[in-house]
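Report on one structure; see the data block that follows.
Number of protein chains: 2
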Amino acid sequence: MTEQDRRPRRREARRGAAPTHSGVKPLELKIPVTEMLSEEGVNAIHQASMRLLKDVGILIVDYPPAAETFKQNSASVEWVDRVHTYMNGDTSEVKGHLVRLDEETLMHFIHQVPSTFTQLARNPTNSLTVGGRNMIFAPVYGPPFVGGLDFGRRRATLEDFHNFAKLAYMAEHIHHNGGTLVEPNDIDVRERHLDMLMAHITLSDKCFMGSVTHADNARDTVTMARIVFGEEAMQQSPATLSLINASSPMRFDDRMFGALEVYARARQAVLVTPFLIAGAMSPSTMAATLAQQNAEALFGICYAQMLNPGTPCIYGSFLANIDMKSGAPCFGTPEDALALYGGAQMARHYKIPYRSGGNFTGSRIPDAQSGYESASTMWPTVQAGVNFVLHAAGWLEGGLISGYEKFVIDHELCGIMARFVNGIGLTDEDFAWDAYDETPPGGHFLGSSHTMRHYSTAFYQHNVFNMDNYEKWESEGSHDTYKRANAVYKKMLKDYEPPAIDPATVDELNAFVAQRRTELRDRKSRTEWKK
Amino acid sequence: MTEQDRRPRRREARRGAAPTHSGVKPLELKIPVTEMLSEEGVNAIHQASMRLLKDVGILIVDYPPAAETFKQNSASVEWVDRVHTYMNGDTSEVKGHLVRLDEETLMHFIHQVPSTFTQLARNPTNSLTVGGRNMIFAPVYGPPFVGGLDFGRRRATLEDFHNFAKLAYMAEHIHHNGGTLVEPNDIDVRERHLDMLMAHITLSDKCFMGSVTHADNARDTVTMARIVFGEEAMQQSPATLSLINASSPMRFDDRMFGALEVYARARQAVLVTPFLIAGAMSPSTMAATLAQQNAEALFGICYAQMLNPGTPCIYGSFLANIDMKSGAPCFGTPEDALALYGGAQMARHYKIPYRSGGNFTGSRIPDAQSGYESASTMWPTVQAGVNFVLHAAGWLEGGLISGYEKFVIDHELCGIMARFVNGIGLTDEDFAWDAYDETPPGGHFLGSSHTMRHYSTAFYQHNVFNMDNYEKWESEGSHDTYKRANAVYKKMLKDYEPPAIDPATVDELNAFVAQRRTELRDRKSRTEWKK
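Okay, here's the thing in structure tokens:
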């Protein structure tokens, strides 16, 4: 990253920053990624998704500009307005522009996606390169509720958002501050994005995500990022990354495509993610689900490239499956794990960074189920070589709850993974020859020089998990992990100190936010920020 | 398996059996196994272990017959009797036969190990083929304690043993009944093996493990198996599988090698497993730990082949690491996962079935830590292609506790894995073309014919985990997984019905057991069973 394009006061701000961490680095996978599909399998899914895009098509709802863009790029666009009747007599409205795309057109644009890009952080040592062998952990995104041992579950507030922003900043193995850590329900829905962006920018100096709830909110995100990073820097490298969900199956709407357009034109990174609960938003079979996911993700990415070739994009996957008995979404299932691996191979096939996984669970509290399901998603996530892992900490109840304790428990697994990806060292020192000179058959290695040399770094050191024996554990109150994690997150919040920021930047941000609040409250149209 | 060698009453017994299950089949891995090491890495570990066997050697303690066997097979055998002084002044006694083995001698015997074998079960539909792409789950082995929500932790009794034998029999995804499910502490230690064997044979009709606590106990195991299976059948295929632990580092003792000798001569399967807590029984680096594990496992397997070439063997790995702060063993760590993968590659390199993994945790109860750690061992276990997974259900507190609830919670993960190993189907039906004909963009697939066709089998159905929303969960008592599992295991025990067994077989077993009890109580030497 270059700083030459920044105005002096921003350079000042960065020099003045005294980050808690010496700099966040993505994990770098030194282990082989696991390939679940054969080359033929990858090709079969590619071909199936081409067929879906050509024959079924993608419906664009309430957003004619996108339909026009596709039309100008030789896609077939048809206006449809009909009522579909299902086998069982149910109906649904199908209204919008149906876009059909051939392989050649699609792939022309897909080839323009950069295979890696660097997202700028306010503290440049926290900037993150996305793609390749890099893996980035970001917190849970989107829950309307918070959960905790002290209070159960309640609707989240801005104070909760601040707390999770602080936890994300403090957490050593969380590389990215994420986006909608919780929904701040106590703030007017029209203004929330301003408060969330202010929190990410001022309470942390890691990378953050932009707002996608309206095209104007995307514009606000870009403006606030420009106040911090400068427009020229953001043309070179994105300072925001934003989550564009398909309205699956085979559909995008004005809200998401409106936001995508703003970000693409500003050359900010977008993460295009089909939202698939297999059995409902996609068929119940994983091959079809992968083909549909591929079709939807590539379609959104293609749109970004049509708007601004070379726009940094991430191929997203959010994939769960429905419980066929209750209709509830299920997490940590074998089907989801398989599809997670398959999706990674598809993204690699197109040389596009991949987002998937997280510490997913359907459980409402961090209990045993939560542990099994979370780990059962994270192991495939890491071994698939996912580049951007949203929901890596804090997720509960299928994404409805941001859990305080869950955040720090998940963080333990993130730390475990940070060691795992280094693989097995095979140097002479790793073979410990001198340890065998010092240790006889039947002896022990505790006191050998080799063990002493590796004492402090040999093994992952636990933070929340503990290995105390039953007697010690019982004498200290028989606390389960949930209880122990309660103390851990509270200590983190207590120890929190904000990273330094230039007061002039904060002033300008506040002035812009004040202007926008006024406009939003008075229902006036948005004025571009000029200072 | 052939039945022609059985006496009529045994064939009768088997015809009379009315197993709860229609037959237990190992999982068959249709997914690729994950290779963590390169070919060069595998070779480097092989070479390092050859160097350890040649230069350091393995100490055989209190068992001259084994030293003699190695000597007769051109190994270098040296009597050592010295006191070793560590760097810090601590001492340990090194007394026994030190056996040094060259690569050529070792590999001559290693090449005689069968790459697969079938362990006979009393119900022939439950016989299990070990090796290749097969994966077998067996319960926890060895804990002196039981744990449960109703009582906490207490010393295990024979009643507990019976309960776990019943649970193992009932559990759909547990293929093998295992061995020392708990230590029946209320039974005299000399006689316990008789009660445990009787329980496995009469309460279940799945495969079981033999006793290794004394050579005579191994003889009792073989005799009881012969009463059930007949000697000739057991020459063709083993009816027992027994766990031979190295007394690591680089040491075997009379107890384990004595039992191994009995089993090898009776052509019964042995599972040779170094017992490694890295940092204590092996160096703190994984390359050295893998090389040492390889040396110890191959040494024990080599001994079995020297005694009886072609004896079915499993290459075992039990590998944890020490917490360098507290000295406690840690489970589910990144280091253990890496070594688990590496060990699988070594065993495959020699074409020997591999044992490793399990639902390991250091936690004392099935809480979140327990879930993360268990799953963090089981995912590598399954993806490494482990053939025999001991401790697949019930393990708590580093193996000190057999947990009732833990058993059924772990069993859920076993069920998840049973689906995962099937991989991603890629047939036309899997691509669900007709579902897209019936479902418009923006619609839902719930009512499509394709979904209806796959309704009942599309996704794994949970047994202990549940996906209820917060309101339903709260209204039903806010039970965590631990509490839910309590009801599940109790229902299983309540529903238990023993598999049929020929009364004449039971009579003979009882007569033999009575004879042995008398001998053991009177401290008389063992008489071979003749009927």
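Line by line, the protein sequences give chains A and B. Residues in the first sequence are numbered from -3 upward in steps of one, following the numbering used here. Residues in the second sequence are numbered from -3 upward in steps of one, following the numbering used here. Positions of the beta carbon are idealized from the N, C-alpha and C atoms, including for glycine.
Contact under 9 Å by Cβ, residue i with residue j
i               : j               : result
D319 of chain B : H458 of chain A : yes
M83 of chain A  : E24 of chain B  : no
L163 of chain B : Y478 of chain B : no
G354 of chain A : N317 of chain A : no
G339 of chain B : S352 of chain B : yes
A389 of chain B : D363 of chain B : no
D476 of chain B : Q365 of chain A : yes
M220 of chain B : I197 of chain B : yes
V29 of chain B  : A335 of chain B : no
M463 of chain B : G358 of chain A : yes
L237 of chain A : F384 of chain A : yes
P180 of chain B : D156 of chain B : yes
L386 of chain B : L256 of chain B : no
F403 of chain A : F160 of chain A : yes
I412 of chain A : Y456 of chain A : yes
Spatially closest choice to residue i from the options, by CA coordinates
i               : options                           : result
G138 of chain B : B:W375, B:E74, B:I397 and B:S452  : B:I397
P234 of chain A : A:R247, A:E187, A:R263 and A:V208 : A:R263
A195 of chain B : B:G174, B:I183, B:A117 and B:H158 : B:H158
N304 of chain A : A:A265, A:S18 and A:P362          : A:A265
R215 of chain B : B:E99, B:M252 and B:T198          : B:M252
I54 of chain B  : B:T281, B:G144, B:A335 and B:D98  : B:D98
Y259 of chain B : B:G144, B:E155, B:G206 and B:L422 : B:G206
S445 of chain A : A:Y165, A:A428, A:S123 and A:V29  : A:A428
M374 of chain A : A:A343, A:S359 and A:C410         : A:C410
S111 of chain A : A:R512, A:A283, A:H345 and A:A291 : A:H345
E401 of chain B : B:N122, B:K487 and B:S70          : B:K487
V109 of chain A : A:F314, A:W391, A:V509 and A:T307 : A:T307
R261 of chain A : A:T285, A:V218 and A:M282         : A:V218
F66 of chain B  : B:D86, B:M302 and B:I412          : B:M302
T377 of chain B : B:F356, B:T501 and B:R360         : B:F356
Close beta carbons around residue i, own chain, < 8 Å, minus the five adjacent residues each side
i               : result
F141 of chain B : R149, R150, R151, A152, V178, E393, L396, I397 and S398
Q288 of chain A : S45, L48, S244, P245, M246, P270, L272, S278 and P279
D212 of chain A : R522
K526 of chain B : none
T447 of chain B : A431, F441 and A454
Paired residues, beta bridge with residue i - DSSP
i               : result
V95 of chain A  : A:I54 and A:V73
Q379 of chain B : For Q379 of chain B, which the question treats as bridged, DSSP gives no partner whatsoever.
E24 of chain A  : A:N130
E89 of chain B  : B:V79
F113 of chain B : B:V126
H172 of chain B : B:C203
D249 of chain A : A:V57
Nonlocal neighbours in the same chain, by C-beta distance under 6 Å from residue i, ignoring five residues either side
i               : result
A14 of chain B  : Low per-residue confidence applies at A14 of chain B: pLDDT is 38, beneath 50, and the placement is therefore not dependable, though the value from the model is reported in the following sentence. The residues are A496.
F248 of chain A : I56 and A242
D250 of chain A : D58 and Y59
V76 of chain A  : V90 and L94
L516 of chain B : R186 and E187
S471 of chain A : none
A343 of chain A : Y311 and Y350
E524 of chain A : none
Neighbourhood of residue i by C-beta distance below 7 Å, restricted to the same chain and skipping five residues each side
i               : result
S372 of chain B : G328 and A333
T101 of chain A : N69, S70 and A71
A414 of chain B : L23 and H169
Residue i beta carbon near the ligand NAP (any heavy atom closer than 8 Å)
i               : result
C298 of chain A : The model depicted lacks the ligand NAP and carries no ligand whatsoever.
Item to complete: May I ask you to verify whether the region 131 to 151 of chain A touches the region 330 to 342 of chain A, counting CB pairs closer than 8 Å and requiring at least 3?
Response: no
Item to complete: For the region 426 to 441 of chain B and the region 290 to 300 of chain A, state whether three or more C-beta atom pairs, one from each stretch, are separated by less than 8 Å.
Response: no
Worksheet item: Between the region 162 to 176 of chain A and the region 418 to 428 of chain A, are three or more C-beta pairs nearer than 8 Å?
Response: no
Discussion item. For the structure I just gave you, are there three or more beta carbon pairs, one from the region 113 to 126 of chain B and one from the region 213 to 232 of chain B, closer than 8 Å?
Written reply: yes
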